[in-house]
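Using the numbering used here, read the sequence shown as starting at 7 and increasing by one per residue.
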Amino acid sequence: MELVFLGTGAGNGVPEFYCNCKVCMEALEDSRCRRTRCAVVLCGEGNLLFDAPPELSSQLLRERLNRIDCFFLTHAHHDHCAALGDLELYARFHRKDRLPSVMSPETFEELGRRHGSVEEWMNVVPLQAGETLQRFGVSITAVEVAHSRGTLGYLIGTSMGRTAYLPDTGPLPDRTRDLLTGIENLILDATFWGENWYPGEHLSFEQTIQTAQELNVEMLYLTHLSMHYGKPVTSREIESAIEPYRDRVRLAYDGMRISLG
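Structure below.
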């Protein structure tokens, strides 16, 4: 069983067509430094997709993945749900059945406002923070985070331990900190380098490192990286900054894989 990082960028991605900062230049010269918008997929008995960013189709093609068995949505912001149309086409014309889709009731309500009825092609499974369901031998627990109304993170339990996917969050609520203490893998929002423009909804690089240390997680993966909000920072500079924490912190890249048993 593997968890694949489909995308590791924040809302803008790297590079952007309108930008010639050092981050975008690095990404143009080195394809490994290119970051599409954030999503992961857990590949095992079934393929569990977490979020549907604008580049989803090309991400799945890149990883040679042609099947989605269940979809988990963290929230209804554009960079996490822009590819719902692709999933609808998949459900209607290939799967020929509604796609099991897990989200909070608030996110389902927001999808209705933004996209109209999705129940024709989604089999929506409402999940509240603290609730757990089982899919293909994996336990998935909805986790409360500090972001927009109804946003969830997900705690994935496998034979190899626990992995949390929290791409969009500010400082974690106490109940979430209790739940995540001592977990094996934490995939966490590291949106801002330096000044945090939205301290209630996102984390800075420094806050992300501190959070992982306080929770005593075995391995932290930095994701949802803006790279060029405010002060631009290259992947090479981030790699240098995490060198003192190398045994417990990794910079996630598009296409990176984690073995989960």
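Every residue, glycine too, gets a C-beta built ideally from N, C-alpha and C.
Where the beta strand (DSSP E) through residue i begins and ends
i: Ala45; result: Ala45 to Cys49
i: Phe201; result: For the record, residue 201 in the displayed sequence is Glu; it is not Phe. Note, Glu201: premise wrong, no beta strand (DSSP E); not H, not E.
i: Gly91; result: Per DSSP, Gly91 belongs to no beta strand (DSSP E); it is in the alpha helix (DSSP H), Leu90 to Leu95.
i: Ile264; result: Arg263 to Ser265
i: Gly13; result: Glu8 to Gly13
i: Gly167; result: Gly167 to Leu172
Simplified DSSP assignment, three categories, for residue i
i: Glu5; result: Only positions 7 to 267 of the chain appear in this structure, which leaves residue 5 out of reach.
i: Leu62; result: helix
i: Gln140; result: strand
i: Arg104; result: coil
i: Gly156; result: coil
i: Glu126; result: coil
i: Ile74; result: coil
i: Phe23; result: coil
i: Ser145; result: strand
Short Cβ contact (8 Å threshold) for residue i with residue j
i: Pro60; j: Arg40; result: no
i: Ser63; j: Asp92; result: yes
i: Ile193; j: Ala258; result: yes
i: Val47; j: Leu12; result: yes
i: Val131; j: Gly50; result: no
i: Thr240; j: Leu228; result: no
i: Cys44; j: His84; result: no
For residue i, the first and last residue of its enclosing alpha helix (DSSP H)
i: Asp195; result: Counting along the chain, Asp195 falls outside any alpha helix (DSSP H), though it belongs to the beta strand (DSSP E) covering Asn191 to Asp195.
i: Leu226; result: That residue, Leu226, is in no alpha helix (DSSP H); its beta strand (DSSP E) goes Met225 to Thr229.
i: Arg242; result: Ser241 to Ala247
i: Phe211; result: Phe211 to Leu221
i: Leu185; result: Asp180 to Leu186
Status (buried if at least 16 other CB within 10 Å, exposed otherwise) for residue i
i: Thr169; result: buried
i: Thr187; result: exposed
i: Glu125; result: exposed
i: Thr138; result: exposed
i: Phe23; result: exposed
i: Phe114; result: buried
i: Leu67; result: exposed
i: Leu34; result: exposed
i: Gly156; result: buried
Exercise. Do three or more CB pairs link the stretch 70–81 to the stretch 105–112 at distances below 8 Å?
Worked result: Flag = yes, the stretch 70–81 and the stretch 105–112 touch.
Exercise. Counting Cβ pairs closer than 8 Å, one from the stretch 117–126 and one from the stretch 171–178, do we hit at least three?
Worked result: These segments do not touch.
For this session: Please confirm if the stretch 227–239 is in contact with the stretch 196–210, defined as three or more CB-CB distances below 8 Å between the two stretches.
Result: Touching, yes.
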